[in-house]
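In my numbering, the protein residues as written are 949 to 995.
Even glycine gets a Cβ: it sits at the ideal position worked out from N, Cα and C.
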């Protein structure tokens, strides 16, 4: 992300303002995180 470029944040905020509306242009935000980002993730309760 470029410094002072708030476009990614604004895109996320737009979707979060209406979480139950379909946003075809932002469908990638509804996908699960890639495995390499979650393979070592553990919740506080260990699940």
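For residue i, which residues of its own chain have a beta-carbon under 6 Å away from its beta-carbon, when the five flanking residues on both sides are left out?
i           : result
residue 951 : none
Could you name the residues of the same chain whose beta carbon sits closer than 8 Å to that of residue i, not counting the 5 residues immediately before and after it, in chain order?
i           : result
residue 962 : 971 and 974
residue 960 : 977
Is residue i helix, strand or coil by DSSP?
i           : result
residue 956 : helix
residue 984 : helix
residue 989 : coil
residue 965 : helix
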